[in-house]
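Student: Chains as they are written, first to last, in the numbering used here: chain A, 9 to 80; chain B, 5 to 140.
(1) Roughly how many angstroms separate the alpha carbons of residue 91 of chain B and residue 47 of chain B, rounded to a whole number?
(2) Taking the alpha-carbon positions, what's the residue 56 of chain B to residue 8 of chain B distance?
(3) Give the residues of chain A in contact with residue 129 of chain B, contact being defined as C-beta atoms less than 7 Å apart.
(4) Could you check if residue 43 of chain B belongs to the surroundings of the ligand ADP, using beta carbon to heavy atom distance under 7 Å?
(5) Whose C-beta lies closer than 8 Å to the C-beta of residue 6 of chain B among residues of the same chain, with five residues either side of it excluded?
(6) Going along the chain, which residues of its own chain have a beta-carbon closer than 6 Å to the beta-carbon of residue 80 of chain A, five neighbours each way excluded?
(7) Could you name the residues that DSSP lists as bridge partners for residue 83 of chain B?
(8) Which residues of the segment 46-61 of chain A have a Cβ closer than 8 Å to any Cβ of chain B? Give them in chain order.
Rendered as structure tokens:
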């Protein structure tokens with residue numbers, strides 16, 4: 009089967025101008041989201057999401073951590 | 005030319021027009037698809053996704069962001085979080101990493117070490133302590 013990436017032309021090299029345009033479009037879309045960015049935001053977010061699991065709380069089916077086991 | 009890896013701060017700076025290093029960071033991001041020696045650790049992409057979530061980017065927005073990144077960063081330039089990377093990261097946590105070296109920094113540096121990078125494109129000087137020369 010043909011890999012999905014090849015079907016969609018992912019590996020087709022971009023020109024510098026095309027790549028710059030893509031970054032510019034992303035910047036426009038994201039806007040001020042990173043205005044107050046601090047180093048460690050991602051880690052803080054991740055551990056905040058995982059915190060209830062640390063305490064042993066049961067997560068509802070489909071929630072974070074529900075795929076960490078094959079016991080269904 | 006020696007292999008280089010890209011840290012998450014570079015992607016974030018390129019996407020933040022308020023960042024004074026935005027222009028230079030954009031050059032680095034553009035070069036990922038043009039320069040055969042620049043690679044992106046999977047941990048960098050995972051950290052970026054969490055940054056987007058942490059800063060309120062909704063699902064549709066993240067879908068659009070990652071679709072564009074998919075074109076900017078071909079799969080052939082992405083380095084996996086292989087077991088060897090996790091072993092290296094654990095080793096770094098035992099020896100070189102401090103509480104100031106985050107989980108993601110350690111994974112990114114470990115990816116570089118495992119795949120033979122000699123430098124990381126980053127403004128984060130902590131990478132030197134993790135065994136990878138920071139360059140920007």
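Ideal Cβ placement from N, Cα and C applies to all residues, glycine included.
Tutor: According to the data block:
(1) Inter-residue distance for residue 91 of chain B and residue 47 of chain B is about 14 Å (C-alpha atoms, whole angstroms).
(2) One C-alpha to the other measures close to 24 Å.
(3) What residue 129 of chain B touches in chain A, judged by beta-carbon distance under 7 Å, is nothing: the nearest beta carbon there is about 12 Å away.
(4) Ligands displayed in this structure: none; no statement on the ligand ADP is therefore possible.
(5) Here the set comprises 41, 121, 122, 123.
(6) At residue 80 of chain A, the pLDDT of 48 sits below 50, so the modelled position is not reliable and the matter cannot be decided from this model.
(7) In the DSSP output, where bridge partners are listed per residue, residue 83 of chain B has B:45.
(8) From the segment 46-61 of chain A, only 47, 48, 49, 50, 51, 52, 53, 54 have a Cβ closer than 8 Å to chain B.
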